[in-house]
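Data block below; observations after.
Residue numbers (UniProt numbering): 1 to 678.
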């Protein structure tokens with residue numbers, strides 16, 4: 001659904017940050033490399049035959065569409081939204097003075113070529129299935145309580161849901177369910193508009209006496225997309241702000257997991273006042289499945305520390321100890337700063353910092369500023385001390401060596417293949433023009449060759465993937481059984497030693513490690529199979545030029561494309577029953593009598609809890625990566641088929657005569673224009 005919207009003022013600024021506040025200058029080299037590749041491709045496509053021109057067009061569109069994503073996660077009250085606003089150079093863009101109840105992922109699409117009049121926004125609502133899961137089953141907490149037989153806890157959840165549903169009806173009318181699954185789109189973007197969809201605030205359970213517009217759709221909004229023009233940005237960039245992991249019904253957790261699944265770079269925002277501890281297990285579980293090089297930890301709000309110079313090293317040591325304790329990425333880069341300082345630097349309101357914040361800033365400056373920066377402008381100095389430039393450099397470095405490097409590698413391989421194919425076609429044309437007998441395969445023979453090659457290569461790839469998939473499922477099943485056996489044995493040992501009056505707990509970290517290991521083995525095996533298939537395809541196409549076209553040693557050496565990267569197994573971080581220590585878990589424990597009853601019900605509960613995670617790992621990670629590898633092979637063969645078939649068709653006598661006539665007409669027109677000066 002598209003909403004009617006007020007047009008933007010075409011003369012309004014796009015709100016770029018001032019040049020000294022440019023966080024992402026570290027992407028300049030990548031942007032220059034992309035521009036060079038685009039120029040190369042434009043040159044190849046100029047005057048090329050249609051097959052090569054079409055391939056060039058696809059590659060140039062891929063370059064223009066490149067938009068690496070930075071996913072932000074963090075603690076509640078860590079100042080994440082203030083930090084995000086400072087990162088885009090627009091304080092106040094996203095409301096930071098409320099704690100949104102709603103499970104909204106807000107994606108800021110920053111684009112250097114987007115004009116102010118093209119800025120827009122879109123807000124997607126929960127689907128009927130997602131809303132039904134929340135309202136009917138109580139979200140993840142409701143499912144957990146139901147499985148554990150915690151009727152009292154389940155009744156509390158349902159009472160809250162009934163109240164939430166009644167409040168939604170008062171806001172949106174009796175037919176509010178009809179909005180589910182829709183998208184509201186606008187050709188504008190204002191703070192009031194954003195608040196209408198994402199800001200429920202802490203007063204959700206109170207009737208709104210301050211007007212009906214703020215938060216009107218917030219309880220059913222799933223995601224928000226904002227497209228913002230940032231002329232100083234070297235490349236497109238998406239900053240994705242997630243809702244966190246600690247809502248009443250665990251809906252936020254699931255939305256955050258989905259957002260992280262496809263992300264290649266994650267920034268975890270912590271508060272200097274609470275850093276990272278065992279109370280943040282939800283966050284720790286999520287980042288435990290992200291590679292260290294893909295994770296940056298930003299400790300925000302150091303402006304609130306009494307002695308940042310002394311406390312920052314202690315906080316870093318505490319964070320690393322917690323990461324080690326819970327098998328999280330211990331080599332992740334940890335940065336310290338203040339989105340609050342950055343905001344005041346951007347707004348030129350240093351006089352409003354407050355006495356305590358200003359004192360902390362001066363102490364931090366004495367320790368952090370090198371002599372070479374002593375003469376800097378005060379705003380630039382505070383911007384540097386805020387930690388935002390260091391965060392921008394860390395993000396830029398990871399993009400340049402991650403998603404950016406993969407884009408460049410892929411495009412370079414495709415460009416080189418196009419050049420070599422083009423040179424092969426030019427060589428054929430020279431031979432034909434010189435009267436050398438041409439050995440050209442018939443179109444039907446080429447089509448048959450590619451069909452046979454695709455069928456054979458795909459069958460071999462599928463066989464290797466199937467073997468790897470079977471081994472993956474076997475490892476997963478073995479991990480499941482091993483964990484249950486060990487946990488049940490530990491439970492029996494506890495019961496023998498302490499009886500049923502002492503509450504027993506068991507850490508599920510071991511199961512997550514076993515499942516992650518099984519997935520990593522599958523990814524390696526699938527990647528090896530994919531590389532072998534693509535290498536074989538490239539060699540056979542080179543052989544096609546050599547043998548079918550009679551080019552011998554002049555045949556182009558076709559290069560295989562790089563493989564896509566596998567998504568991290570973020571779903572392993574989902575909260576399960578063993579992660580919780582709520583009252584319902586105590587009731588589950590004390591409700592059952594007898595060793596065997598406890599052991600049987602425990603095994604059933606853990607199986608039901610972990611089965612969906614295993615299914616997600618299989619479907620959304622393992623099978624998705626296998627499908628991406630297959631698609632890479634089919635796409636490569638399809639592109640090469642079009643190019644080779646086009647070259648053969650272009651070199652046949654009728655098409656060659658037609659092309660020569662076209663070139664003669666073009667040359668005559670060029671000469672006529674030169675004579676007349678037009």
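C-beta atoms are modelled at their ideal positions from N, C-alpha and C, and glycine is treated no differently.
Simplified DSSP assignment, three categories, for residue i
| i | result |
| --- | --- |
| residue 420 | helix |
| residue 241 | strand |
| residue 575 | coil |
| residue 227 | strand |
| residue 602 | helix |
| residue 115 | coil |
| residue 656 | In this prediction, residue 656 scores a pLDDT of 49, lower than 50, which makes its location untrustworthy; the coordinate-derived value is nonetheless stated afterwards. Helix. |
| residue 558 | coil |
| residue 331 | coil |
| residue 122 | strand |
| residue 180 | coil |
| residue 27 | helix |
| residue 260 | helix |
| residue 101 | Caution is warranted here: a pLDDT of 44 is assigned to residue 101, below 50, making its placement in the model unreliable, and the coordinate value is therefore given only provisionally. Residue 101 falls in the coil class under three-state DSSP. |
| residue 636 | helix |
| residue 265 | strand |
| residue 613 | helix |
| residue 326 | coil |
| residue 209 | Any reading at residue 209 must be qualified, since the residue scores a pLDDT of 43, below 50, and its modelled position is unreliable; the value itself is stated next. The answer is coil: DSSP assigns residue 209 none of H, G, I, E or B. |
Beta-carbon proximity of residue i to residue j, cut-off 7 Å
| i | j | result |
| --- | --- | --- |
| residue 233 | residue 110 | yes |
| residue 89 | residue 80 | no |
| residue 514 | residue 599 | no |
| residue 301 | residue 271 | yes |
| residue 66 | residue 407 | yes |
| residue 21 | residue 346 | yes |
| residue 51 | residue 643 | yes |
| residue 83 | residue 354 | no |
| residue 289 | residue 570 | yes |
| residue 396 | residue 92 | no |
| residue 125 | residue 197 | no |
| residue 224 | residue 70 | no |
| residue 298 | residue 418 | no |
| residue 78 | residue 269 | yes |
| residue 53 | residue 43 | no |
| residue 562 | residue 452 | no |
| residue 645 | residue 446 | yes |
| residue 240 | residue 218 | no |
| residue 337 | residue 292 | no |
| residue 533 | residue 461 | yes |
| residue 404 | residue 264 | no |
| residue 420 | residue 40 | no |
| residue 564 | residue 538 | no |
Reference residue i, options the options, closest by Cα
| i | options | result |
| --- | --- | --- |
| residue 536 | 48, 457, 554 | 457 |
| residue 679 | 180, 85, 112 | Nothing can be reported for residue 679, as the shown portion of the chain is limited to 1 through 678. |
| residue 195 | 177, 33, 94 | 94 |
| residue 31 | 530, 42, 64 | 64 |
| residue 512 | 318, 60, 484 | 484 |
| residue 261 | 479, 601, 622 | 622 |
| residue 476 | 440, 611, 504 | 611 |
| residue 578 | 221, 59, 282 | 282 |
| residue 168 | 220, 24, 640 | 220 |
Host alpha helix (DSSP H) of residue i (start-end)
| i | result |
| --- | --- |
| residue 105 | Element bounds for residue 105: not the alpha helix (DSSP H) but the beta strand (DSSP E), 105-111. |
| residue 367 | 355-368 |
| residue 220 | Here residue 220 belongs to no alpha helix (DSSP H), and DSSP marks it neither H nor E. |
| residue 472 | 443-498 |
| residue 540 | 509-547 |
| residue 195 | 191-198 |
| residue 376 | First-last for residue 376: undefined, no H or E at that position. |
| residue 344 | 339-347 |
beta-carbon residue i near the ligand PLP non-hydrogen atom, thresh 6 Å
| i | result |
| --- | --- |
| residue 169 | The ligand content of the structure shown is nil, which means the ligand PLP is not present either. |
Extent of the continuous beta strand (DSSP E) to which residue i belongs
| i | result |
| --- | --- |
| residue 185 | 183-186 |
| residue 394 | Run containing residue 394: none in the beta strand (DSSP E); it sits in the alpha helix (DSSP H), 388-401. |
Complete alpha helix (DSSP H) runs within the segment 33-81 (minimum length 4 residues, chain order): Within the segment 33-81, complete alpha helix (DSSP H) segments of at least 4 residues are found at 50-65, given in chain order.
What are the start and end residues of each continuous alpha helix (DSSP H) run of 4 or more residues lying completely inside the segment 267-320, in chain order? Entirely contained in the segment 267-320, the alpha helix (DSSP H) runs reaching 4 residues are, in chain order, 281-287.
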